Amino acid sequence: CSGVCNEALTAASANCDESDPEEAAIKEGAEAYLGYCSGCTGAYYSFASACDLDDTTHTDVTHFCSGVCNEALTAASANCDESDPEEAAIKEGAEAYLGYCSGCTGAYYSFASACDLDDTTHTDVTHFCSGVCNE
Numbered sequence: 003c004s005g006v007c008n009e010a011l012t013a014a015s016a017n018c019d020e021s022d023p024e025e026a027a028i029k030e031g032a033e034a035y036l037g038y039c040s041g042c043t044g045a046y047y048s049f050a051s052a053c054d055l056d057d058t059t060h061t062d063v064t065h066f067c068s069g070v071c072n073e074a075l076t077a078a079s080a081n082c083d084e085s086d087p088e089e090a091a092i093k094e095g096a097e098a099y100l101g102y103c104s105g106c107t108g109a110y111y112s113f114a115s116a117c118d119l120d121d122t123t124h125t126d127v128t129h130f131c132s133g134v135c136n137e
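Counting in this note's numbering, the sequence shown runs from 3 upward without gaps.
So this is what it looks like as structure tokens:
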């Protein structure tokens, strides 16, 4: 969506004539690839990359709540139309991930991360009473 590839796709889209059968296929292909860079589809690919959705080993979901991941999810939520069946699924997905960031669910994941609840070897429970765990 940037750099030399994007420039070449943009040029093909602008310079190819859709009424010419040979050029129409090139124009259509270029515009299909450019579609990954804007609107709801672009927002989906941005959040998939920024939130590292290919990594299924994430245990700390708080990464959805800040930085570029959160910005990309927020953009997908704002830019996708729930009345469009294709866009609705992307919007719902983004909003599901954003659900980890607010209300009771957000509070749970914040304290689970801050208090290191995954560590089952805690014998001294006083760590729950101070520091970031207690904030």
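C-beta atoms are modelled at their ideal positions from N, C-alpha and C, and glycine is treated no differently. None of these values were measured; they are calculated from a predicted model.
- If you ignore the 5 residues before and after Ala45, its C-beta comes within less than 6 Å of the C-beta of Ala77, Ala78 and Asn81, all in its own chain and listed in chain order.
- Looking at the backbone, the Cα of Lys29 and that of Glu9 are separated by about 14 Å.
- Closest by C-alpha distance to Gly133, out of Asp120, Phe113 and Ser104, is Phe113.
- One Cα belongs to Asp19, the other to Gly5, and the distance between them is close to 24 Å.
- Between Leu100 and Leu75, the C-beta spacing is below 8 Å.
- For the pair Asp83 and Thr43, the Cα-to-Cα distance works out to about 11 Å.
- Counting along the chain, Phe66 sits inside no alpha helix (DSSP H), nor does DSSP assign it H or E at all.
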